[in-house]
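Chemist: Got a structure here, written out as structure tokens. Questions coming.
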Amino acid sequence: RRNFELLKQNPSHPSLHFKKVGKLWSVRAGPHHRALAVEDGADFIWVWIGPHDEYQRIIKQQG
58 RRNFELLKQN PSHPSLHFKK VGKLWSVRAG PHHRALAVED GADFIWVWIG
108 PHDEYQRIIK QQG
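So for the sequence shown, our numbering puts the first residue at 58; every next one is plus one.
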């Protein structure tokens, strides 16, 4: 929840690790979780949130 508030206030805050990964955007959702989004114009649609190990598998599939 704290990271979500921070993302709304300051998406470029370094602790969020907000970055583009292939066609997706990634953000740290907590110490052990990541969230993935797709870009939709000036907005982001959050499509997945889960543990870091699953995140790594998804990112590898992105190629």
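Glycine included, C-beta positions come from ideal geometry on N, C-alpha and C.
(1) Drop a sphere of 10 angstroms on the beta-carbon of R59, count the other beta-carbons inside from all chains shown, and report buried for 16 or more, exposed for fewer.
(2) According to DSSP, is K80 part of a helix, a strand, or is it coil?
(3) What are the residues that DSSP puts in a beta bridge with P108?
(4) Any idea which residues DSSP pairs F101 with across the strands?
Modeler: Reading from the atomic positions:
(1) exposed
(2) coil
(3) H90
(4) E96
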